[in-house]
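Here's the structure we're looking at; comments come further down.
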Amino acid sequence: MLLATACKKDSLTNEFADDNATVNVPSNPLDIDPGKIIDTTKRIVIIGSSTAAGFGASVADSCWAGRLNAKLVRDKKPFKLINLGKGGYTTFQLMQTGSSPASIRPKPDTNRNVTAALKYNPSLVIINLPTNDIALNFRDEEIISNYRNIIGQIAAKRIEFIITSTQPRNFQLLDQRKRIKILNDKVLAMFPGHVDDYLRKLSSPTWSILKYYSAGDGIHLNNNGHRVIYQTLVDFPIFKTVVGY
1 MLLATACKKD
11 SLTNEFADDN
21 ATVNVPSNPL
31 DIDPGKIIDT
41 TKRIVIIGSS
51 TAAGFGASVA
61 DSCWAGRLNA
71 KLVRDKKPFK
81 LINLGKGGYT
91 TFQLMQTGSS
101 PASIRPKPDT
111 NRNVTAALKY
121 NPSLVIINLP
131 TNDIALNFRD
141 EEIISNYRNI
151 IGQIAAKRIE
161 FIITSTQPRN
171 FQLLDQRKRI
181 KILNDKVLAM
191 FPGHVDDYLR
201 KLSSPTWSIL
211 KYYSAGDGIH
221 LNNNGHRVIY
231 QTLVDFPIFK
241 TVVGY
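Numbering-wise (the numbering used here), the sequence shown opens with residue 1 and increments by one.
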């Protein structure tokens, strides 16, 4: 089973919009019990927000996830890419089923969280959460704690994982843009060897999106930006080891 993404460039100007109509994934992607899949195909599962879902790219083939899937197919690798990304999501929606965040925080999405990802028995989980936690002013301590819990679930199953870095965003306040770099450094320190760090490639000196990579809304990346994520992922040591490059 392959859950594809529908990339949108101009239809979205707010990452926190309800985008069920624009993300081409089933409303209940776990209708098929992955435990009953008997073929030998391995799985890579993506969890995350709108960049994972492909927003900002003009067509599906130009999303980083779409490019990644195309490479796996082209190179005849025995992997299927399952994309559970959804626009607006934060670390809270990706927390394990049964966790109980504070009432003012989002609840885990049992169809798209780490628990849902692990039901596919993946060889690799890719976590792509660029900036929504910062946009909603969640504290770094909360975000890091959530990452620890999410990664703990994955590591307990002895499954490999990659966390993508934060990415630039045109927040009005410089202090909020600085948080993009500060949080990225904390995640890098917490999970050495597991963070695909492309933040500087996409950023101005003040952590806004470089024009060449901007989809135009101050939030999302265009085709060029998605290509950067794709290329850094396929060159990332964990990805190469898991997939066999």
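Even for Gly, the Cβ is constructed at its ideal location relative to N, Cα and C.
Query	Result
Backbone CA spacing between N224 and W64 [nearest angstrom]	10 Å
Burial state of V73 (16 or more Cβ within 10 Å)	exposed
Inter-residue Cα distance where the pair is I151 and T131	18 Å
T115, enclosing alpha helix (DSSP H) - first and last residue	V114 to L118
Residues near Q176 by beta carbon distance below 7 Å, same chain, minus five either side	I134
Under 9 Å between C-beta atoms of I163 and I127	yes
At least three beta-carbon pairs within less than 8 Å, the stretch 186-200 to the stretch 211-224	no
L72, DSSP secondary structure in three states	helix
Burial state of K211 (16 or more Cβ within 10 Å)	exposed
Under 9 Å between C-beta atoms of S49 and G98	no
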